[in-house]
DNA sequence: TCTTATTGGATCATACATTATTTGACGGAA
DNA sequence: TTCCGTCAAATAATGTATGATCCAATAAGA
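Chains as they are written, first to last, in this note's numbering: chain A, 133 to 365; chain B, 133 to 365.
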């Protein structure tokens, strides 16, 4: 019923983006994040233009935008390639999350209103109700949960960085299932986090979020490792 | 003699960039960072193309790249504007630096070789020799100093983020002079940092770098504030 | 193996069509 | 007169199309 869209929920807006419904940029970007375009695959401008029924110009611009965002790599006179979203990539961005999210959380604890807490509890209720039955829904709810905490942060740069990383991690983790132990941990973390926020324990909440993000990142990494060794072996 | 170029010193390479000598991208970007293009100024494609003697196509691509990097803001059907590098912007990025640089430092302390330390001491020697006489040179040396520490970090994403932010801060601070107290503090911090690295005191070094970056950011912000109130008053 | 064509494709330059925004003139209403 | 809304021209953004040039990878030949 309520729509937990995978979009920058009001307040978080990709730097200078703008609502361009299903632009080529978004199409290519999703293809990369979702893994439909493989790592290091060449992005031939004319091909992409044809595939999406446009001229080359918009494609080139989209590729440059993606390059600026780090999803595409350019070599001079050799065009664009898909930046591999591999284990290193994932590790890099979740480690940055471990550094940034606690700071965002610390601020939120000092600013949280009753409405915020009610919203967090409502979302947590939905998360528990869903209980990982629908993984996609869990992902959206979980993102919404954290978004409540970060969306009003004064440091827009940090919030946008978080959001950008979040999107990547979400797309990657969509390929895997949560282990039972991870499920339990997520529930525990969220519940404890709400309690700490209620109690105004900014420092403890920040530490908890640090561990939470760390755990989440490790979990994804382990899934990736398992999946890649399975494929190789 | 030695060239401390303001370029991604080997190892740090803007994501997927590539050596494109003085491309339009770089020209526009520098115009923004250096303040030659004012905040929120419209970036009219045809104008830019004419000014730089190219066609509109490369300009459009450059603007998209800059958009992806956060230096330009797009509004649908209304084109591009210069993203204001104002106090909020500077605060945002130095705060992120405060979160990230200590982590980079902590790793470096565990990995530093004698050659690294020698290089740091050499650079610090040059910094003291220059003693802020040539501000530009100081900026380059200081950047080189920190680059030694971060350039080999395994987290390329974090290192690139640092570099990107560094460039902005450097450009902004170029407009101002170091206060005497800040000069002294920089010297103290660097010397103490070298000692901590020698002693392998990763945690203390990380804390020190956190304070150092914080101090540096505050210093720039205060200069900006002073300058803007002076202009307004 | 080394050198030389061939070719695919990137990059840039034009030219033009379409569409959205801005601006300013105009005319009517308060 | 002043304010307001409408309309149309001017301004650009955005997309299409095409040709020129140059680079890099590959194939062909010495």
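Every residue gets a Cβ at the ideal spot worked out from N, C-alpha and C, and that includes glycine.
Just so it is clear, the structure is predicted and the values come from calculations on it, not from any experiment.
Residue ranges of uninterrupted alpha helix (DSSP H) with 4 or more members, entirely inside the stretch 225–307 of chain B and ordered along the chain, are 246–262, 267–282, 288–305. Here the alpha carbons of residue 215/A and residue 256/B stand approximately 37 Å from one another. Within the model, the alpha-carbon separation for residue 330/B versus residue 322/B is close to 12 Å. When C-alpha distances from residue 312/A are compared across 232/A, 302/A, 351/A, 189/A, the shortest belongs to 351/A. In this chain, the beta strand (DSSP E) harbouring residue 204/A covers 204–207.
The C-beta separation of residue 166/B from residue 303/B comes to about 6 Å, placing the pair in contact by the 8 Å criterion.
Here the C-alpha atom of residue 221/A lies approximately 8 Å from the C-alpha atom of residue 289/B. In this chain, residue 337/A is not harboured by any beta strand (DSSP E); it is covered by the alpha helix (DSSP H) spanning 334–364. By the criterion of at least three beta-carbon pairs nearer than 8 Å, the stretch 195–203 of chain B is in contact with the stretch 188–196 of chain A. Around the beta-carbon of residue 287/A, 16 or more other beta-carbon atoms lie within 10 Å, marking it buried. In the structure shown, residue 181/B falls within a helical segment according to DSSP collapsed to helix, strand and coil.
Using a Cβ-Cβ cut-off of 8 Å, residue 182/B does not count as an interface residue toward chain A, since no Cβ of chain A sits closer than that to its own.
The continuous beta strand (DSSP E) containing residue 212/B extends over residues 211–214.
Residues of chain B whose Cβ lies closer than 9 Å to the Cβ of residue 267/A do not exist, since the nearest Cβ in that chain is about 26 Å away. Interface residue (Cβ-Cβ distance to chain B less than 8 Å): residue 199/A is classified as such.
In summary, residue 266/B is exposed, with fewer than 16 beta-carbon neighbours lying within 10 Å of its beta-carbon over all protein chains present.
Taking every protein chain shown into account, the CB of residue 178/A has fewer than 16 other CB atoms within 10 angstroms, so this residue is exposed. Listed by position along chain A, the residues whose Cβ is nearer than 8 Å to that of residue 287/B are 223, 224, 227, 228. Within the stretch 231–243 of chain A, contact with chain B at the beta-carbon level (separation under 7 Å) is assigned to 231, 232, 235.
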